[in-house]
Amino acid sequence: MKKTLVIIFIAILGLLNVNAQDIKFGVKAGVNFATITGDETQGVKGRTSLHVGAISEFLISDKFSIQPELLYSAQGAKYEDVDFKETMKLDYLNLPIMAKFYVADGFSLEAGPQVGFLLSAKGKLEAGGESVEVDIKDFVKGIDFGLNFGVGYKLPSGINFGARYNLGLSNINDSGSIDPEFNVGDVKNQNGVIQLSLGYFF
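The sequence shown begins at 37 in this note's numbering and counts up one residue at a time.
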């Protein structure tokens with residue numbers, strides 16, 4: 037799978053390089069405010085985590101560019117009751133491809149699709165001072181699709197800031213529910229992630 041991702045990423049860079057006037061490469065990292073939306077999610081709370089990875093920007097014109105990214109993103113959600121707490125930890129390798137429209141000097145509006153590849157899925161239960169963590173990867177689909185919407189600001193120095201929302205489009209469940217113990221009916225859930233980022237273009 038890793039070789040396939042590298043090939044896809046290189047192919048995208050090659051296609052963009054044909055029309056790009058200028059190309060920049062960089063890195064970014066930041067905080068995730070992740071949750072799970074959809075069916076049977078009453079009481080579900082967000083999980084605060086992180087994302088980190090590589091970015092590139094292909095300037096097509098003074099007002100428009102394309103920004104492919106390759107990000108590790110820790111996602112999931114939490115559920116708390118009086119006697120216990122459950123945490124779903126979903127780790128993805130995400131490939132967003134953002135179209136950036138510069139509406140003012142350094143300030144951009146951004147939107148674009150994203151495909152995510154599941155790296156790991158863990159469920160953690162804490163109750164009575166005890167905790168247990170189990171692998172739930174068999175219950176979560178290996179590929180996730182979404183749309184990103186956000187804003188960005190880039191300084192002449194290369195430092196840049198971003199705020200983005202990832203709207204999950206595909207059902208993440210492979211067993212009908214985000215809870216492996218609950219598998220009744222066609223329950224559909226999606227990822228939803230707010231990301232705040234700090235990056236740097238070399």
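Glycine residues also receive a C-beta, built at the ideal position from the N, C-alpha and C atoms.
Item	Value
Can you look up VAL220 in the DSSP assignment and give me helix, strand or coil?	At VAL220, the pLDDT of 42 sits below 50, so the modelled position is not reliable; the number obtained from the coordinates is stated separately. VAL220 falls in the coil class under three-state DSSP.
Kindly indicate which three-state DSSP category LYS173 falls into: helix, strand or coil?	helix
Looking at C-beta atoms only, is the number of pairs between the region 63–75 and the region 221–229 that lie closer than 8 Å three or more?	yes
Taking the alpha carbon of GLY148 as the reference point, which residue from ALA140, SER101, LYS125 has its own alpha carbon closest?	SER101
Indicate whether PHE197 and PHE61 have their beta-carbon atoms separated by less than 8 Å.	no
Once DSSP output is grouped into helix, strand and coil, what is the label at PRO104?	strand
Note down the Cα distance separating ALA135 from GLY112, rounded to an integer number of angstroms.	26 Å
Going by alpha carbons, who is nearest to ASN184 out of PHE175, GLY164, LEU205?	LEU205
Give the single residue among SER167, ALA163, PRO192 whose Cα lies nearest to the Cα of ASP141.	PRO192
Between the region 172–181 and the region 148–162, can you find at least three pairs of beta-carbon atoms closer than 8 Å?	yes
Output the distance between the C-alpha atoms of LEU161 and GLY66, rounded to the nearest integer angstrom.	26 Å
By a C-beta neighbour count over all protein chains shown, 10 Å radius and 16 as the cutoff for buried, is GLN78 buried or exposed?	exposed
Looking only at its chain, what residues have a beta carbon closer than 7 Å to the beta carbon of ILE172, apart from the 5 residues adjacent to it on each side?	ALA157, LYS158, GLY159, PRO216
Where are the beta strand (DSSP E) runs, 3 residues long or more, that stay fully inside the region 58–145, in chain order?	58–74, 83–95, 100–116, 120–140
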